[in-house]
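Encoded as structure tokens, the structure appears first; notes follow it.
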Amino acid sequence: SFIKPGRCPKPAVQEDFDAARYLGVWYDIQRLPNKFQKGECATATYSLSPGVGFSVFNRERLANGTIKSVIGSAIAEDPCEPAKLQFFHENAAPVPYWVLSTDYDNYALVYSCINLGASHAAYASIVSRQPTLPEETIKKLQGTMSSFGVGVDTLLTTNQDAAYCSAMAQ
């Protein structure tokens with residue numbers, strides 16, 4: 001995550017967010033550097049979990065070839081704001097998971113921010129239903145990020161190469 005001065009910005013989130021349409025697999029395309037995700041081939045699989053909201057299964061391939069997986073859950077704390085989720089996983093404080101923009105079938109832009117006194121830690125990622133995303137879609141989502149202060153020059157591109165990521169299919 002990126003530490004920046006000032007309080008968290010409050011970007012607009014996806015209107016009329018439909019959790020059911022968000023279910024399934026999302027591939028990580030670009031992200032701000034963060035301590036939770038160090039590998040490539042990253043995916044997140046969302047399923048409905050009665051009484052909890054979402055169950056979230058995150059996987060990535062580490063540099064040494066091992067597959068790391070983390071199981072968590074996500075819940076909208078305010079039913080009036082279903083796109084503003086809190087993500088929980090073992091041994092960690094809950095973090096915001098805001099869906100700023102999605103068409104459900106191709107892309108989503110996710111943002112997280114935590115106030116740290118006079119500064120804030122921000123995280124953002126572009127995810128896709130496929131291992132790739134058209135450049136024009138990426139540019140559009142990067143433009144949205146820039147509008148609330150995310151430096152798109154700091155984004156890392158996740159390797160989703162089919163051969164490199166083949167171990168993920170096991």
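Using the UniProt record's numbering, the first residue of the sequence shown is number 1, and each one after it goes up by one. Note that CB positions come from ideal geometry on N, CA and C, so glycine has one too.
Judged by DSSP secondary structure, ARG21 falls outside any beta strand (DSSP E) and instead within the alpha helix (DSSP H) spanning 19-22.
Counting the other Cβ atoms within 10 Å of the Cβ of CYS80 gives fewer than 16, which makes it exposed.
In its chain, beyond the 5 residues on either side, LEU48, GLY53, PHE54, ALA76, PRO82 have a beta carbon closer than 8 Å to the beta carbon of ALA19. At the C-beta level, GLN30 and ILE138 come within 8 Å of one another. TRP26 and ASN159 have their C-alpha atoms some 14 Å from each other. For GLY143, the enclosing alpha helix (DSSP H) begins and ends at 135-147.
Only exposed fits SER147, as fewer than 16 other CB atoms lie within 10 angstroms of its CB. Secondary structure remark: continuous beta strand (DSSP E) runs of at least 3 residues inside the UniProt domain "Lipocalin/cytosolic fatty-acid binding" (18-159), in chain order: 24-31, 40-49, 53-61, 67-76, 84-89, 95-102, 107-116, 119-128.
Contact between SER69 and ASN58 holds, with the beta-carbon distance rounding to 7 Å and staying under 8 Å.
When the alpha-carbon of ALA121 is set against those of GLN14, LYS35, LEU141, GLY24, the nearest one is in LYS35. Residues ILE3 of the same chain have their beta carbon placed closer than 8 Å to that of LEU116, with the five preceding and five following residues left out of the count. Minimum Cα-Cα distance from GLY6 among the listed residues GLY143, ALA167, GLY149 corresponds to GLY149. According to the DSSP assignment, PRO5 belongs to the beta strand (DSSP E) that extends over 2-5.
In the three-state reduction of the DSSP assignment, ALA169 falls in the helix class.
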